[in-house]
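Trainee: Quick note: the sequence shown, position 2, residue 455 per my numbering, numbers continuous. For every residue, glycine included, the Cβ atom is placed at its ideal position computed from N, Cα and C.
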Amino acid sequence: MQMIPIIDFAPFIEGDFANKQTVARQIYQACQQFGFMYLKNHGLSAEQVSQILGQMQQFFALPEEVKTQVLRSPETNCGYVPIAGERLNPKRPGDLKEAFNVGLQTIWPPEPAEFQQTVETFYQNTAQLAFTILQAFALALHLPETFFTEKHGQNLFLRLLHYPPLPHSIAPAQIRAGEHTDYGSITLLIQDSVGGLEIFTRQGTWIPAPAIPGTVIVNIGDAMQRWTNDELRSTPHRVINLDGILSHRSRYSAALFCDPDPEVEITCLEPCCPADRPPRYSSIRYGAYLQSKFAATY
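#1: Closest to I673 by C-alpha separation, out of K473, V572, I652, P663, would be which residue?
#2: How many angstroms separate the CA atom of N554 from the CA atom of M509?
#3: What residues are listed by DSSP as bridge partners for H495?
#4: I'd like the ranges of any alpha helix (DSSP H) spanning at least 4 consecutive residues and lying wholly in the segment 613-684.
#5: To the nearest whole angstrom, what separates the beta carbons of E718 and R691, a pair I think is in contact under 8 Å?
#6: By DSSP, does R691 sit in helix, in strand, or in coil?
#7: Using a Cβ distance threshold of 8 Å, determine whether the segment 681-689 contacts the segment 713-728, with at least three qualifying pairs required.
#8: Please list the terminal residues of the continuous beta strand (DSSP E) segment that includes I480.
#9: Would the segment 467-485 and the segment 576-590 be scored as touching if the rule is three or more Cβ pairs under 8 Å?
#10: Among the residues of its own chain, which have a CB less than 7 Å from the CB of S646, if the five just before and after it don't count?
#11: Can you tell me the Cα-Cα spacing of Q577 and F600, whole angstroms?
#12: Curious, which full-length beta strand (DSSP E) runs of at least 3 residues does the segment 524-551 contain?
#13: Can you tell me which of Q504, P563, G496, D469 puts its alpha carbon nearest to the alpha carbon of E518?
#14: Please classify C725: does DSSP put it in a helix, a strand, or coil?
#15: Indicate whether the contact test is met: 3 or more Cβ pairs, each with one atom in the segment 484-493 and one in the segment 602-617, closer than 8 Å.
#16: Looking only at its own chain, which residues have a Cβ that is under 7 Å from the Cβ of Q455, when we skip the five neighbours before and after it?
#17: What is the C-beta distance between S687 and T634, in whole angstroms, given that I count them as a contact (C-beta under 8 Å)?
#18: Can you tell me whether DSSP reads P713 as helix, strand or coil?
#19: Run through the DSSP bridge pairs and tell me what R704 is partnered with.
#20: Pick from F575, F470, P597: whose alpha carbon is nearest that of L642?
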């Protein structure tokens, strides 16, 4: 079975320029082959991960009437999304999950007491890590280090996700999260040990992406695929329904979606457009692209 690469990020954070170049090439190659990777020694502590998962469990255990006081706003994309309130694959029924979206205009629930502080801290720390990873992509493409980071900041969303125990009655073709690609530049994911995440390989098979302690999963989205003129791939992925005892367990994950700012024009980059491979995409404003995706999802 193919294995998603595990990359040590410490040399990029702490090393000299040569070490940074080496890690940047490893990241780029992983995204060429899989579109996914695991990063270890990334700077997020096990305590931070444990705290965010604990606060998520408390929030999603609240009564529905409490959670729906902070329903997702289409204008801000922040707030609570009920079970089956979105479908990532329009050909399937609503996904068997609920979510709380965090961004720059979040309306916070009154409880749990430490929820806002814990989530805001995690949001800031994962955003900082995402920006460092974007610098690695710029280095791999021989672009200025700030090429990507200066185009991001207004459109970072942290999604707290809860996949409840599977109900006895499930609609045909309904799964925890339908097949989809992410819309933006990169996504960072932490998950508990329950499992179910799968990615679609270039060979046309689905392989698991289980939790590996001490790592963060990173994948690229559609915007990065367009920027790199298909050199990097925005890989379809899904969360399947598990069998046996695992079907009776909740699954929790937290994903930071690092998307370009709304006014950024996504244009195929010159280093990715040699004479024998002209641009495959026309320029598009990211905000318009994102809204078209939301319209199909919610």
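Mentor: By the coordinates alone:
#1: The residue with the shortest Cα to Cα distance from I673 is I652.
#2: 12 Å
#3: Answer is none; H495 lacks a bridge partner.
#4: 675-680
#5: Beta-carbon to beta-carbon, E718 and R691 are separated by about 30 Å, too far to satisfy the 8 Å threshold.
#6: strand
#7: By the Cβ criterion, the segment 681-689 is in contact with the segment 713-728, since at least three pairs of Cβ atoms, one from each stretch, lie closer than 8 Å.
#8: No beta strand (DSSP E) holds I480; the alpha helix (DSSP H) holding it covers 470-486.
#9: Between the segment 467-485 and the segment 576-590 there are three or more inter-stretch CB-CB distances shorter than 8 Å, so the stretches are counted as touching.
#10: Hits under 7 Å: A664.
#11: 20 Å
#12: 532-534
#13: P563
#14: helix
#15: no
#16: T654, I660
#17: With a Cβ gap of about 4 Å, S687 and T634 count as contacting.
#18: It is a strand residue.
#19: Beta-bridge analysis with DSSP links R704 to Y616.
#20: F575
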